[in-house]
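Student:
Protein chains: 2
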Amino acid sequence: MHLFWEKGYGSTSVADILSRAGVNSGSLYHYFPGKQDVLTAVLDTYIGGIREMLLEPAWRGVVDPIEKIWKLMDGYREALVQTDCTYGCPIGSLALEIHEPDPPVRERLAKNFTNWTDAIEDCLKAAGRRVPPGVDRRALAEFVLTTMEGGVMLARSYRDIGYFDRAIDQLKEHFNRLLRPATSPARSGPRQRKKGKSHA
Amino acid sequence: MHLFWEKGYGSTSVADILSRAGVNSGSLYHYFPGKQDVLTAVLDTYIGGIREMLLEPAWRGVVDPIEKIWKLMDGYREALVQTDCTYGCPIGSLALEIHEPDPPVRERLAKNFTNWTDAIEDCLKAAGRRVPPGVDRRALAEFVLTTMEGGVMLARSYRDIGYFDRAIDQLKEHFNRLLRPATSPARSGPRQRKKGKSHA
DNA sequence: GTCTATAAAAGGATAGAC
DNA sequence: GTCTATCCTTTTATAGAC
Numbered sequence: 019m020h021l022f023w024e025k026g027y028g029s030t031s032v033a034d035i036l037s038r039a040g041v042n043s044g045s046l047y048h049y050f051p052g053k054q055d056v057l058t059a060v061l062d063t064y065i066g067g068i069r070e071m072l073l074e075p076a077w078r079g080v081v082d083p084i085e086k087i088w089k090l091m092d093g094y095r096e097a098l099v100q101t102d103c104t105y106g107c108p109i110g111s112l113a114l115e116i117h118e119p120d121p122p123v124r125e126r127l128a129k130n131f132t133n134w135t136d137a138i139e140d141c142l143k144a145a146g147r148r149v150p151p152g153v154d155r156r157a158l159a160e161f162v163l164t165t166m167e168g169g170v171m172l173a174r175s176y177r178d179i180g181y182f183d184r185a186i187d188q189l190k191e192h193f194n195r196l197l198r199p200a201t202s203p204a205r206s207g208p209r210q211r212k213k214g215k216s217h218a
Numbered sequence: 019m020h021l022f023w024e025k026g027y028g029s030t031s032v033a034d035i036l037s038r039a040g041v042n043s044g045s046l047y048h049y050f051p052g053k054q055d056v057l058t059a060v061l062d063t064y065i066g067g068i069r070e071m072l073l074e075p076a077w078r079g080v081v082d083p084i085e086k087i088w089k090l091m092d093g094y095r096e097a098l099v100q101t102d103c104t105y106g107c108p109i110g111s112l113a114l115e116i117h118e119p120d121p122p123v124r125e126r127l128a129k130n131f132t133n134w135t136d137a138i139e140d141c142l143k144a145a146g147r148r149v150p151p152g153v154d155r156r157a158l159a160e161f162v163l164t165t166m167e168g169g170v171m172l173a174r175s176y177r178d179i180g181y182f183d184r185a186i187d188q189l190k191e192h193f194n195r196l197l198r199p200a201t202s203p204a205r206s207g208p209r210q211r212k213k214g215k216s217h218a
């Protein structure tokens, strides 16, 4: 998993995997028919672990559903910063690296994106009336993914986190213009009037 | 150039290049020190040809600067549709495929993105007062690139152009909320009052 | 400048002992 | 289940004739 994230699929040799895992060829091929099956297993691990590995760490202590979206973005930002903008989203990299993926691989890449989008869509649903009725929640959730992936691509290409930050800023601006401001946590009295910007 | 677009860099062998070009090994290595130098030459060709190869074909007959942006998006859409959503943006694919590019490669990938962003920024500048003063034109131009690349990634992963279309729709929505509506071509009279949506 | 032939290495995968 | 040894293919790159 880590090697595919660091170096991609093609540039990771079976010898690399054996060395990193501290096992020998016979062991790997006892469990996996071939290298591609290691990849599908890794993708399955991402699919099965999106909550424990990605969402829960990012959302610890966060309750506001829109804030959860930005916290998730922060997570990708941190990964970029920690690696000097060399490692981005493992799924996105694999998706563009493997030009003609076999169906089992492509399905799993798509499933990863779908689960990710589901999580964002859940946030938008949880935001309730802050998302006006006319807004397509699914399309907006997809747009968060689109922006994150595009922003990661540019930040990596330039080795400059500014490109990611500006992409997220634009997305926040889009949200600010699209969504109603957050209502205060319902103190059960006359509606409070908050002034000033809620974000960005 | 075409092979790197179709199959990526790593999956294109020197033998593939020789076969497609109809030449032999000796010829290629007479002009290029190695395979990576073929890549940098390809990237230089993209850099030098952005106008003739990309912008001019997309913008033929288009005068409105904002419309030019959408026409450029249409170009990427067409490339996706024509290839059943298998080939996307050649630069974006290479950028994510090559995880630790040597400096000469990374520089050229970044230069390609910069030139592309310059072209969009020029459109935004040409749009004049339609882009309100507070709007960061450079950041918005980058955001167009971010959205295009992210949209291409999803469309390819799902083999479904709908993901690209929805990303562009969101971007258009962002533009609609950010920009002033286009003024009619200055009929030199009292300001016309247009109602209804100008786009999307 | 282009050709053929080939070197030298790395890659994925297998065989068979233990 | 794991080990060592190795097969076979592919890959990049070079040598040297023409």
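Listed in order, the protein sequences are those of chains A and B. So for the first sequence, the numbering used here puts the first residue at 19; every next one is plus one. So for the second sequence, the numbering used here puts the first residue at 19; every next one is plus one. Don't be surprised by glycine CBs; every beta carbon is placed ideally from N, CA and C. Everything numeric in this text was worked out from a predicted model, so none of it was measured.
Which whole-angstrom value describes the C-beta separation of residue 176 of chain A and residue 128 of chain B, a residue pair presumed to lie in contact below a C-beta threshold of 8 Å?
Tutor: For this step, residue 176 of chain A is matched to residue 158 along the first sequence. For this step, residue 128 of chain B is matched to residue 110 along the second sequence. That belief holds up - the Cβ atoms of residue 176 of chain A and residue 128 of chain B are roughly 5 Å apart, short of 8 Å.
Student: Which residue comes first and which comes last in the alpha helix (DSSP H) that contains residue 22 of chain A?
Tutor: Looking up residue 22 of chain A in the first sequence gives position 4. Secondary structure note for residue 22 of chain A: its alpha helix (DSSP H) is the uninterrupted segment 20–25.
Student: Report all residues from its chain with a CB closer than 8 Å to the CB of residue 179 of chain A; omit the five preceding and five following residues, and keep chain order.
Tutor: Position 161 of the first sequence, counted from the first residue, corresponds to residue 179 of chain A. Once the five neighbours on either side are set aside, the close Cβ partners of residue 179 of chain A are 95, 98, 99, 103, 173.
Student: Relative to the C-alpha of residue 72 of chain B, which candidate in B:86, B:161, B:171, B:150 has its C-alpha closest?
Tutor: Position 54 of the second sequence, counted from the first residue, corresponds to residue 72 of chain B. The shortest C-alpha separation from residue 72 of chain B is found at B:86.
Student: Cα-Cα, which of A:194, A:187, A:144, A:120 is closest to residue 83 of chain A?
Tutor: In the first sequence, residue 83 of chain A corresponds to position 65, counting from 1. The shortest C-alpha separation from residue 83 of chain A is found at A:144.
Student: Hey, how far is the Cα of residue 132 of chain A from the Cα of residue 200 of chain A?
Tutor: Within the first sequence, the letter at position 114 stands for residue 132 of chain A. Within the first sequence, the letter at position 182 stands for residue 200 of chain A. In a straight line, the C-alpha of residue 132 of chain A is about 27 Å away from that of residue 200 of chain A.
Student: Any C-beta of chain B within less than 8 Å: which residues of the region 126–144 of chain A qualify?
Tutor: 127, 128, 131
Student: Drop a sphere of 10 angstroms on the beta-carbon of residue 111 of chain B, count the other beta-carbons inside from all chains shown, and report buried for 16 or more, exposed for fewer.
Tutor: Taking the second sequence and counting its residues from 1, the one referred to as residue 111 of chain B is at position 93. The residue in question, residue 111 of chain B, is buried, as its Cβ has 16 or more Cβ neighbours within 10 Å.
Student: Residue 29 of chain B to residue 56 of chain B, Cα distance in whole Å?
Tutor: For the purposes of this step, residue 29 of chain B is taken as residue 11 along the second sequence, with counting starting at 1. For the purposes of this step, residue 56 of chain B is taken as residue 38 along the second sequence, with counting starting at 1. Roughly 14 Å separates the two Cα atoms.
Student: Taking buried to mean at least 16 other C-beta atoms within 10 Å of its own C-beta, is residue 31 of chain B buried or exposed?
Tutor: The residue given as residue 31 of chain B occupies position 13 in the second sequence. With fewer than 16 Cβ atoms within 10 Å of its Cβ, residue 31 of chain B is classed as exposed.
Student: Does residue 193 of chain B come out as helix, strand or coil in the three-state DSSP assignment?
Tutor: Here residue 193 of chain B corresponds to residue number 175 of the second sequence, with the count starting at 1. Helix.
Student: How far does the alpha helix (DSSP H) with residue 11 of chain B in it extend, from its first residue to its last?
Tutor: Nothing about residue 11 of chain B can be read from this structure; chain B reaches only from 19 to 218.
Student: Taking CB distances under 8 Å as the criterion, tell me whether residue 190 of chain A reaches chain B.
Tutor: Taking the first residue of the first sequence as position 1, residue 190 of chain A is located at position 172. No, no contact with chain B.
Student: Check whether the Cβ of residue 221 of chain B lies closer than 8 Å to any Cβ atom in chain A.
Tutor: Chain B is shown from 19 up to 218; residue 221 of chain B falls before or after that span and cannot be answered.
Student: Under the rule that 16 or more other beta-carbon atoms within 10 Å means buried, what is residue 20 of chain A, buried or exposed?
Tutor: As a first step, residue 20 of chain A is located in the first sequence; it is residue number 2 there, counting from the start. Classification for residue 20 of chain A: exposed.
Student: Just to confirm the assignment, what range does the alpha helix (DSSP H) spanning residue 132 of chain A have?
Tutor: Within the first sequence, the letter at position 114 stands for residue 132 of chain A. 121–144 is the span of the alpha helix (DSSP H), which, as asked, contains residue 132 of chain A.
Student: With a 10 Å radius around its C-beta and 16 neighbouring C-beta atoms as the bar for buried, classify residue 106 of chain A as buried or exposed.
Tutor: Residue mapping note: residue 106 of chain A aligns to position 88 of the first sequence, counting from 1. Buried, by the Cβ-count rule.
Student: What residue from B:90, B:113, B:75, B:156 has the CA that sits closest to residue 166 of chain B's CA?
Tutor: Working through the second sequence from its first residue, we reach residue 166 of chain B at position 148. Of the listed residues, the one whose Cα sits closest to residue 166 of chain B is B:90.
Student: Under 8 Å, Cβ to Cβ, is there at least one residue of chain B near residue 53 of chain A?
Tutor: Counting from 1 along the first sequence, the entry for residue 53 of chain A is found at position 35. False, the Cβ-Cβ gap to chain B never drops below 8 Å.
Student: I'd like to check one pair, residue 188 of chain B with residue 113 of chain A: are the Cβ atoms closer than 8 Å?
Tutor: Residue mapping note: residue 113 of chain A aligns to position 95 of the first sequence, counting from 1. Residue mapping note: residue 188 of chain B aligns to position 170 of the second sequence, counting from 1. Their beta carbons are not under 8 Å apart, which means residue 113 of chain A does not touch residue 188 of chain B by this criterion.
Student: When you compare the CB positions of residue 63 of chain B and residue 123 of chain B, do they come within less than 8 Å of one another, or not?
Tutor: The residue given as residue 63 of chain B occupies position 45 in the second sequence. The residue given as residue 123 of chain B occupies position 105 in the second sequence. No, the pair does not count as a contact, with Cβ atoms beyond the cut-off.
Student: Let's test the definition: count the other Cβ atoms within 10 Å of the Cβ of residue 40 of chain A and tell me whether it reaches 16, buried, or not, exposed.
Tutor: Numbered from its first residue, the first sequence carries residue 40 of chain A at position 22. The residue in question, residue 40 of chain A, is exposed, as its Cβ has fewer than 16 Cβ neighbours within 10 Å.
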